[in-house]
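Colleague: Handing you a structure now.
Residue numbers (the UniProt record's numbering): 1 to 205.
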């Protein structure tokens, strides 16, 4: 099970329910990992997430198998907080090697961040309808030219109120170029801001 979230969601509070349902199905946890970047406003987070120490204590108490916590980065700059707990017998469980790449983006230029603000796209649509009609045609033509080798799944992103905007963000942000052509894509642009994309390719996520 992989869960990713943002904002002020109390992510760790879902673990007791997951473990309970797993036990009812005769399953036992094999491996757990939790990671996050610095919180911009830690005081605005739920109590369990207001510090990495509180997150570690919560996980230690819940898992009970002596997890390992580490903080990477400068004390005065960007840090990555990671917690892992391996609770399986390596000889009993056949667990493959998973590799995760975490890219932290900070201090982006405003023109780049505007791309992920749905309100910016709505403002442009409402105030430049005629121009947008021409631009949409151009964008669609460019999209067809740039992605003529992509399969239909790459053009059928997640249903939103404005599919054109989601396609635009996925393409213009450069994210589309990072994803294999045969991957299934599910993208979403949040209101008022925020962007999420999930891609599945076989057993890869």
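All C-beta atoms in this analysis are idealised placements derived from N, C-alpha and C, irrespective of residue type, glycine included.
(1) Give the straight-line distance between the Cα atoms of residue 178 and residue 72, rounded to the nearest whole angstrom.
(2) Return helix, strand or coil for residue 6, following the three-state DSSP convention.
(3) Mind checking whether residue 78 and residue 192 have CB atoms under 7 Å apart?
(4) Run through the segment 15-85 for me and flag every whole beta strand (DSSP E) of 3 or more residues, listed as ranges in chain order.
(5) If we ignore side chains and look at the alpha-carbon of each, how far apart do residue 48 and residue 10 end up?
(6) When the Cα atoms are used, what is the spatial distance from residue 14 to residue 34?
(7) To the nearest angstrom, how far is it from the Cα of residue 201 to the Cα of residue 185?
(8) For residue 190, which residues of its own chain have a beta-carbon under 8 Å away from its beta-carbon, when the five flanking residues on both sides are left out?
(9) Mark residue 81 as exposed unless 16 or more other C-beta atoms lie within 10 angstroms of its C-beta, in which case mark it buried.
(10) I'd like to confirm something about residue 113: is its beta-carbon nearer than 6 Å to some heavy atom of the ligand SAM, or not?
(11) If you reduce the DSSP assignment to three classes, tell me which class residue 196 lands in.
(12) Can you tell me the Cβ-Cβ gap for residue 62 and residue 16, rounded? I've got them flagged as a contact below 8 Å.
(13) Go through its chain and collect everything with a Cβ distance to residue 70's Cβ below 7 Å, but skip five positions before and after it.
(14) Look up residue 117 in the DSSP assignment and give the residues it is bridged to.
(15) Note down, in chain order, each residue of its chain lying with its Cβ closer than 8 Å to the Cβ of residue 67, except the 5 sequence neighbours on either side.
(16) Sorted by chain position, which residues of the same chain lie with C-beta nearer than 6 Å to residue 121's C-beta, five sequence neighbours on each side aside?
(17) Identify which residue in 75, 105, 183 has its Cα closest to the Cα of residue 205.
Modeller: From the atom records:
(1) 25 Å
(2) coil
(3) no
(4) 31-37, 68-73
(5) 7 Å
(6) 13 Å
(7) 9 Å
(8) 118, 196
(9) buried
(10) No copy of the ligand SAM appears in this structure; indeed no ligand is present at all.
(11) strand
(12) 7 Å
(13) 82
(14) 193
(15) 32, 56, 59, 60, 83, 84, 85
(16) 165
(17) 183
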